[in-house]
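Enquirer: Following this message is one structure expressed as structure tokens.
2 protein chains.
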Amino acid sequence: MTRPAVPAAAARQGSLREHNLALVLGRIAAADRPPSRADLAARTGLTRATVSAVVEDLLLGRLVSEVEPAPRAGAGRPARGLVLAGDGPAGLGLEVNVDYLAACVVDLAGRVRHHTVERADLRPVPPAEALDRLTALAAAARADAAGQDLTLAGAALAVPGLVDDAGLVRLAPNLGWRDVPVPALLARHPALTERVPGVPALTVDNEANLAALGELHAGPPGPASFLHISGEVGIGAGIVLHGTLYRGARGWSGEIGHIPVRPDGRPCRCGGRGCLERYAGQEAVLAAAGLAGADLPGDRAADRLAELARAGDGAALAALRDAGTALGVAVAGVVNLLDLDTVVLGGGYAPLEPWLRPPVLAEVSRRVLTAAWSPVTVRPAVLGTQAAAVGAAGSVVRRIIAHPAGWLAHRS
Amino acid sequence: MTRPAVPAAAARQGSLREHNLALVLGRIAAADRPPSRADLAARTGLTRATVSAVVEDLLLGRLVSEVEPAPRAGAGRPARGLVLAGDGPAGLGLEVNVDYLAACVVDLAGRVRHHTVERADLRPVPPAEALDRLTALAAAARADAAGQDLTLAGAALAVPGLVDDAGLVRLAPNLGWRDVPVPALLARHPALTERVPGVPALTVDNEANLAALGELHAGPPGPASFLHISGEVGIGAGIVLHGTLYRGARGWSGEIGHIPVRPDGRPCRCGGRGCLERYAGQEAVLAAAGLAGADLPGDRAADRLAELARAGDGAALAALRDAGTALGVAVAGVVNLLDLDTVVLGGGYAPLEPWLRPPVLAEVSRRVLTAAWSPVTVRPAVLGTQAAAVGAAGSVVRRIIAHPAGWLAHRS
DNA sequence: GCTATTTGTTCAGTGGTTGAATTATTTGGC
DNA sequence: GCCAAATAATTCAACCACTGAACAAATAGC
């Protein structure tokens, strides 16, 4: 990617320290074994003197802690290992979805330290009440975190819909929400509005975006470019380019469900025709598999379909093959456009991956111009249905790791 | 876009100056009237002392020059205006295409200071000979630049094909090139390999990518997100996200011509079926308009078609409507995925924009989920067929503006 | 116990920014 | 025509963060 044309802000003396704090902390986070100060100096290019000074700040701010010297062969003073603190700041991840509410806490190292799911059909519930119930989960999560010596530094909420910069949910069709001002509705709950400078108290984002972030951080460290497809009632996608989530010009990227795959095909509720959702969305697949009337809750439907496919049910297998082909056509277009090397099947698609992958790969290898040189990997998501909530919590701690200076200033 | 997780390199004292050089130079480049040092201090947040020191470096390095004080109302010492130097470094842009070679020189301010096009059918010409002929144009451009007190700081070459990081042209189907090692073939031409530290002597890139860059810098300054579609024999696209060109995981993004628009439709030479190129590519449109046998050179074909359409020719109008519809289906998918606010019709599509825009817009407004809140603009490219060569030259000078320290180190 | 080795800290030196004081150059009032 | 006010740009001491070298600390091997 070409670098941005114009830097935004003046660099002053303190900017150096801010940058190097992030550099050192990022290396500690990405290391596979606890690095010593000397390791960090060698790997970052800073001197040992500077690394010591920077690490001192990080230790004082409870972002890292020292661990026992790792046994090492040869002579020399033993190194003190540095790890991300397990008792420092943590992120609160929340999710409102069609048939459940969820809350989780993730610590700096990315470990899930708390996780609750409350099943409930939220379609008939007014938004304000749904958010009220969510704050009960949030309060419990906060109490659990406090008991583990964790400080919640911020929260992120995943919603299955289009969210603008201010946190207004413009449209969440499957939830029946329209123009819901989430931050205003949550403003009276102190658990969600306590301010830590440099860390937003609450951000609201699209569920598919946050699920992609969860997948990014659950995988190996380092930049990656992939498409994370969440197959639910609708089909959403999160786009990760070179290790950063791409949100679009206005934050509404990833509406892969409305990519046309049969321009003159089945009409869609969006007003178009032949959208992917009408061929590979939950309703379409269940109908084709003969499960139309079963009225299963969202996450059960995918498991039921997987059972049938595993048992060799003809209708289920045909339904999955057709859905995979439609998905493959859309994915081929995306890969031709964006040159991604990986496609992750997430959400409801994850358990169905064994049956979806072959037709998707077939379409991709047939239709992608560069498929011959650069194979495209299709794999299931490693995080299951928790992806969005975990990704939401992870987005809070990743922001601290990327910009530790704000957190440190707050603690001094 | 979420910020990157881990900074890459250590920040030392000199990094501050590097950053602030780029900051100040970028503001001078983006300003609409020559700013004074005091203006720059106010706008960047640096002190006037620092701005003066930074500007001193830029003046010494011939990147900016002072102009007469702009007349100002009120009392006070008159300000000295700062502009990008018209006699400093410049970029050399080159292009090999199916039926022409081009060379141009662009100065720091983005002005085109030299431009030559040599028409020739290059399909029967071996790559080495085509590149030889190109170096003749490059030498003339270099001489002309020297006569205008410009120093060529680097060159960029636009090719209608897939290019890898090393400059190897993997495939340029319409030119008949495959695995052409362009940098090696140009290595014996000193005019193209003279090294300026910090500025690559020669980069090779896809024509559609460079055309999009040309369009980005020809437009108003500031970040923009758009899709620039070059409609030639093939259809390529350059993707600009938040003011930066997105090249893809391996550099092969933008193959919009092979997005499926009729999955079971006409077979394509890529091996797929129903690719956009088979419905909106030059061949398909000319055939539908009854011009199949005319065998016009690429850029004349579009003009001829525009003439016919202007005269009300039924077949031409129908062909353009159908092509626009196919294009609109593909664009709707792209906008749903990437949430772009602007689509630029470039290359051969530019003169046809009056007839292509209505069907494209119709499909987009019908199929894009967020079309109701956020209109998508479809407009013709402001640079015509020169876009790729001008964009190539511009990419060289933009790199200097974004990273002036390298250039300054070289001159000291 | 001595030496080699590696880790981590201390400290003078340097580069770059800040902020206040100073110089430079104009307009406008008297 | 001269002086005050205003704005632009430079100068300079102070400060901050990083560098590099010297030094202290802690271990293994002989």
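As they're listed, the protein sequences go chains L and G. Here our numbering is used: the first sequence runs in plain steps of one and ends on residue 412. Here our numbering is used: the second sequence runs in plain steps of one and ends on residue 1412. For every residue, glycine included, the Cβ atom is placed at its ideal position computed from N, Cα and C.
#1: What in chain L is Cβ-close to H1228 (chain G), meaning under 9 Å?
#2: For I400 (chain L), tell me which candidate among L:A109, L:G222, L:D341 has the shortest Cα-Cα distance.
#3: May I ask you to list the residues that DSSP assigns as paired with V83 (chain L)?
#4: Counting only runs that start and end within the stretch 351-382 of chain L, where is the beta strand (DSSP E) found for 3 or more residues in a row?
#5: What residues in the stretch 235-247 of chain L have a beta carbon less than 8 Å from any beta carbon of chain G?
#6: Given that a residue counts as buried once 16 or more other Cβ atoms are within 10 Å of its Cβ, and exposed if not, what is T377 (chain L)?
#7: In three-state DSSP terms, what is S52 (chain L)?
#8: In the DSSP assignment, the beta strand (DSSP E) including N1206 (chain G) goes from what residue to what residue?
#9: Quick one: Cα of Y349 (chain L) to Cα of L227 (chain L), how far?
#10: Start and end of the alpha helix (DSSP H) containing H19 (chain L)?
#11: Given that a residue counts as buried once 16 or more other Cβ atoms are within 10 Å of its Cβ, and exposed if not, what is Q1386 (chain G)?
#12: Helix, strand or coil, according to DSSP, for D1107 (chain G) in the structure here?
#13: Any chance the stretch 1389-1397 of chain G sits against the stretch 1090-1109 of chain G, with 3 or more Cβ pairs inside 8 Å?
#14: Report the neighbours of S1036 (chain G) on chain L: residues whose CB is nearer than 8 Å to its CB, in chain order.
#15: Is the beta carbon of I452 (chain L) less than 8 Å from the beta carbon of A280 (chain L)?
#16: Tell me, please, whether the stretch 70-84 of chain L touches the stretch 164-175 of chain L by the rule of three or more beta-carbon pairs shorter than 8 Å.
#17: Taking the alpha carbon of P358 (chain L) as the point to measure from, which residue in L:V343, L:T370, L:A372, L:A90 has its own alpha carbon closest?
#18: Rounding to the nearest angstrom, what Cα-Cα distance links V55 (chain L) and H410 (chain L) in this structure?
#19: Verify whether the separation of the beta carbon atoms of A120 (chain L) and A155 (chain L) is less than 8 Å.
#20: CA-CA distance, G243 (chain L) and G219 (chain L)?
#21: Among the candidates G:A1053, G:A1010, G:Q1013, whose CA atom is the shortest distance from the CA of L1025 (chain G)?
#22: Who pairs with G236 (chain L) in a beta bridge, going by DSSP?
#23: Spatial neighbours of L308 (chain L) within its chain, please: CB distance less than 6 Å, with the 5 preceding and 5 following residues excluded, ordered by chain position.
#24: For D1087 (chain G), count the other beta carbons within 10 Å of its own beta carbon; 16 or more makes it buried, fewer makes it exposed. Which is it?
#25: Who does P1181 (chain G) pair with in a DSSP beta bridge?
#26: Work out the CA separation of A1090 (chain G) and A1405 (chain G) for me, nearest whole Å.
#27: Is it true that the CB of L94 (chain L) sits closer than 8 Å to the CB of A42 (chain L)?
#28: Is the stretch 1332-1346 of chain G close to the stretch 1361-1374 of chain G, with three or more CB pairs under 8 Å?
#29: Identify the continuous beta strand (DSSP E) that holds H258 (chain L) and give its terminal residues.
#30: Please check if any C-beta of chain L sits within less than 8 Å of the C-beta of C1104 (chain G).
#31: Mind listing the chain L neighbours of G1329 (chain G)? Cutoff is C-beta to C-beta under 8 Å, in chain order.
#32: As a quick exercise: from L:A184, L:A208, L:P124, pick the residue whose alpha carbon is nearest that of G231 (chain L).
#33: Across which residues does DSSP place C1270 (chain G) in a beta bridge pair?
#34: May I ask you to report which of helix, strand or coil DSSP gives L1384 (chain G)?
#35: Could you tell me which chain L residues have their CB closer than 7 Å to the CB of A1332 (chain G), listed as they occur along the chain?
#36: Using a beta-carbon distance below 8 Å, is W252 (chain L) in contact with chain G?
Expert: Answer, in terms of the structure:
#1: If you number the second sequence from 1, residue 1228 (chain G) lands on position 228. What H1228 (chain G) touches in chain L: nothing, since even the nearest Cβ is about 13 Å away.
#2: On the first sequence, position 400 is the one that residue 400 (chain L) refers to. The shortest Cα separation from I400 (chain L) among L:A109, L:G222, L:D341 belongs to L:A109.
#3: Against the first sequence, residue 83 (chain L) aligns to sequence position 83. Answer by DSSP bridge pairing, in chain order: L:S65.
#4: 377-380
#5: A237, I239, L241, H242, G243, T244, L245, Y246, R247
#6: Within the first sequence, residue 377 (chain L) is the residue found at index 377, counting from 1. Its Cβ having fewer than 16 others within 10 Å, T377 (chain L) is exposed.
#7: Position 52 of the first sequence, counting from 1, holds the residue named residue 52 (chain L). Reduced to three states, the DSSP call for S52 (chain L) is helix.
#8: Here residue 1206 (chain G) refers to the residue found at position 206 when the second sequence is read from its first residue. Where N1206 (chain G) is concerned, the enclosing beta strand (DSSP E) stretches over 1202-1206.
#9: Residue numbering aside, residue 349 (chain L) sits at position 349 when the first sequence is read from its first letter. Residue numbering aside, residue 227 (chain L) sits at position 227 when the first sequence is read from its first letter. Spanning the two alpha carbons is a distance of roughly 13 Å.
#10: The residue labelled residue 19 (chain L) in the question sits at position 19 within the first sequence. Note, H19 (chain L): alpha helix (DSSP H), 13-30.
#11: Position 386 of the second sequence holds residue 1386 (chain G). Q1386 (chain G) should be labelled buried.
#12: One-based indexing of the second sequence puts residue 1107 (chain G) at position 107. It is a strand residue.
#13: yes
#14: What you label residue 1036 (chain G) is simply residue 36 of the second sequence in a count that begins at 1. Simply none; closest approach about 17 Å.
#15: Coverage of chain L is limited to positions 1 through 412, which leaves residue 452 (chain L) absent and any answer about it impossible.
#16: no
#17: As a working note, residue 358 (chain L) is residue 358 in the first sequence. Ranking the options by Cα distance to P358 (chain L), first place goes to L:V343.
#18: The sequence position of residue 55 (chain L) within the first sequence is 55, counting from 1. The sequence position of residue 410 (chain L) within the first sequence is 410, counting from 1. Distance between the alpha carbons of V55 (chain L) and H410 (chain L): 17 Å.
#19: Taking the first sequence and counting its residues from 1, one reaches residue 120 (chain L) at position 120. Taking the first sequence and counting its residues from 1, one reaches residue 155 (chain L) at position 155. Taking 8 Å as the Cβ cut-off, A120 (chain L) and A155 (chain L) do not qualify as a contacting pair.
#20: By one-based count along the first sequence, residue 243 (chain L) stands at place 243. By one-based count along the first sequence, residue 219 (chain L) stands at place 219. Cα to Cα, the separation comes out at about 11 Å.
#21: Position 25 of the second sequence, counted from the start, is the residue given in the question as residue 1025 (chain G). Of the listed residues, the one whose Cα sits closest to L1025 (chain G) is G:A1053.
#22: Residue 236 (chain L) sits at position 236 when you count from the first residue of the first sequence. L:S230.
#23: Translated into positions along the first sequence, residue 308 (chain L) becomes position 308. Hits under 6 Å: A316.
#24: In the second sequence, residue 1087 (chain G) corresponds to position 87, counting from 1. With fewer than 16 Cβ atoms within 10 Å of its Cβ, D1087 (chain G) is classed as exposed.
#25: Here residue 1181 (chain G) corresponds to residue number 181 of the second sequence, with the count starting at 1. According to DSSP, P1181 (chain G) bridges with G:L1168.
#26: Residue 1405 (chain G) sits at position 405 when you count from the first residue of the second sequence. Residue 1090 (chain G) sits at position 90 when you count from the first residue of the second sequence. Straight-line Cα distance between these residues: approximately 16 Å.
#27: Counting from 1 along the first sequence, the entry for residue 42 (chain L) is found at position 42. Counting from 1 along the first sequence, the entry for residue 94 (chain L) is found at position 94. The answer is no: Cβ separation not under 8 Å.
#28: yes
#29: Counting from one through the first sequence, the residue named residue 258 (chain L) turns up at place 258. Careful: H258 (chain L) lies outside any beta strand (DSSP E) and carries neither H nor E.
#30: On the second sequence, position 104 is the one that residue 1104 (chain G) refers to. No, its Cβ sits nowhere closer than 8 Å to a Cβ of chain L.
#31: The count along the second sequence starts at 1 and reaches residue 1329 (chain G) at position 329. According to the sequence shown, residue 1329 (chain G) is Val rather than Gly. Ordered by position in chain L, the residues that pass the 8 Å Cβ test against V1329 (chain G) are P260, P263.
#32: As a first step, residue 231 (chain L) is located in the first sequence; it is residue number 231 there, counting from the start. It is L:A208.
#33: Position 270 of the second sequence holds residue 1270 (chain G). BP columns for C1270 (chain G) are empty, so no partner.
#34: To locate residue 1384 (chain G), count along the second sequence from 1; it is residue 384. First, the amino acid is wrong: residue 1384 (chain G) is Gly here, not Leu. Reduced to three states, the DSSP call for G1384 (chain G) is coil.
#35: As a working note, residue 1332 (chain G) is residue 332 in the second sequence. Going along chain L in sequence order, the residues near A1332 (chain G) (Cβ under 7 Å) are P260.
#36: Numbered from 1 along the first sequence, position 252 holds the residue referred to as residue 252 (chain L). Taking Cβ atoms only, chain G reaches closer than 8 Å to W252 (chain L), which makes this a yes.
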